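Quick notes on the structure that follows.
Numbering (full-length UniProt numbering), first residue to last: 1 to 277.
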């Protein structure tokens, strides 16, 4: 693709990086750190939040450390992936699961969260409830103490109601990926936009949304709560960027979505943090 020239400072809050290549995740597109860096540069993206892919019933210590290692001397901001043992208690199955579930050796512990939070290689956390369930009360308590942002994959298996029951309303920022409606569920996306009125520390991330009217609605109604995410490597960052550049909104709102909002939520994405490195 041609290199984009758009005049905005753009930061990306949703890019997946597989440190060990294809092992165990061959059904997902993978990309080397060097190629991801080239594609981000080509799209005019200044810095990118990166994290390992979700894998059921596996410890994330090694993948997280691998992502942090590959972020050194690159314009990457590493987030640590975490998992949990809890499910929403909206039905009998959820209540029963929570009654008998116990933390296993591969589950994230409160101590793990503290170590990631005070390790200057990591700047936040990421969670996929469709693979790894939700944190228990002890882990949530430490997440509140460290007060770093949590990116959570939202969609048909982790709808806005479930996120509200389990994560929203805590003191730390929660960035809901894909407008909470992956894959392309308009009703869930609209529901998630509605919830922004209720939860002040909730933000929406734009990757794989694809519906122009929903992107415009969120930016017009909540211009300070929308964060650009590319969804790389599944989506080329050029493509994700053009979807935002072609919206019928003011330049100020584009600036907010591309960088200003994300820099308020993730300090390591700010120009000042970039200069310190």
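Ideal Cβ positions, reconstructed from N, Cα and C, are used throughout, including at glycine.
From a predicted model like this one, the values you see are computed outputs, not experimental measurements.
Going straight from the alpha carbon of residue 36 to that of residue 92, what length do you get? Counted from its first residue, the chain shown places residue 36 at position 36. Counted from its first residue, the chain shown places residue 92 at position 92. Residue 92 has its alpha-carbon roughly 44 angstroms from the corresponding atom of residue 36.
Given residue 14 as reference, the closest of 89, 84, 151 once Cα atoms are compared: For the purposes of this step, residue 14 is taken as residue 14 along the chain shown, with counting starting at 1. With distances taken between Cα atoms, residue 14 lies closest to 151.
For the alpha helix (DSSP H) containing residue 205, list its first residue and its last residue. Position 205 of the chain shown, counted from the first residue, corresponds to residue 205. Residue 205 -> not in any alpha helix (DSSP H); beta strand (DSSP E) instead, spanning 202-205.
First and last residue of the uninterrupted alpha helix (DSSP H) at residue 71: One-based indexing of the chain shown puts residue 71 at position 71. That run of the alpha helix (DSSP H) goes 61-71.
Can you round the beta-carbon distance between residue 54 and residue 132 to whole angstroms, since I take them to be within the 8 angstroms contact cut? The residue given as residue 54 occupies position 54 in the chain shown. The residue given as residue 132 occupies position 132 in the chain shown. Indeed they touch by this definition, with Cβ atoms about 6 angstroms apart.
Cα-Cα separation, residue 119 to residue 264: Here residue 119 is taken as the residue at index 119 of the chain shown, counted from 1. Here residue 264 is taken as the residue at index 264 of the chain shown, counted from 1. Distance between the alpha carbons of residue 119 and residue 264: 20 angstroms.
Quick one: measure Cβ to Cβ for residue 207 and residue 178, integer angstroms, because I've assumed they're closer than 8 angstroms. On the chain shown, position 207 is the one that residue 207 refers to. On the chain shown, position 178 is the one that residue 178 refers to. The C-beta distance from residue 207 to residue 178 rounds to 6 angstroms, short enough to fall under 8 angstroms.
Between the Cα of residue 99 and the Cα atoms of 127, 86, 128, which residue gives the shortest distance? What you label residue 99 is simply residue 99 of the chain shown in a count that begins at 1. If we check each option's Cα against that of residue 99, 86 comes out closest.
If distances are taken between C-alpha atoms only, which option among 226, 31, 140 comes closest to residue 180? As a position in the chain shown, residue 180 is number 180, starting the count at 1. Distance from the Cα of residue 180 is smallest, within the candidate group 226, 31, 140, for 226.
If you scan the stretch 112-174 from start to end, which runs of the beta strand (DSSP E) of 3 or more residues do you find wholly inside it? Segments of the beta strand (DSSP E) lying fully in the stretch 112-174: 122-127, 150-155.
Tell me the rounded alpha-carbon separation between residue 71 and residue 270. On the chain shown, position 71 is the one that residue 71 refers to. On the chain shown, position 270 is the one that residue 270 refers to. Their backbone Cα atoms lie some 16 angstroms apart in a straight line.
What is the residue span of the beta strand (DSSP E) that residue 224 lies within? By one-based count along the chain shown, residue 224 stands at place 224. Membership of residue 224 in any beta strand (DSSP E) is not indicated, and neither H nor E is assigned to it by DSSP.
Just confirm the distance between the C-beta atoms of residue 50 and residue 77, as a whole number of angstroms; I'd bet it's less than 8 angstroms. If you number the chain shown from 1, residue 50 lands on position 50. If you number the chain shown from 1, residue 77 lands on position 77. The Cβ separation is near 7 angstroms, so the contact holds.
DSSP on residue 208, reduced to helix/strand/coil? Translated into the one-based positions of the chain shown, residue 208 becomes position 208. Under the three-state reduction of DSSP, residue 208 is assigned to coil, being neither helix nor strand.
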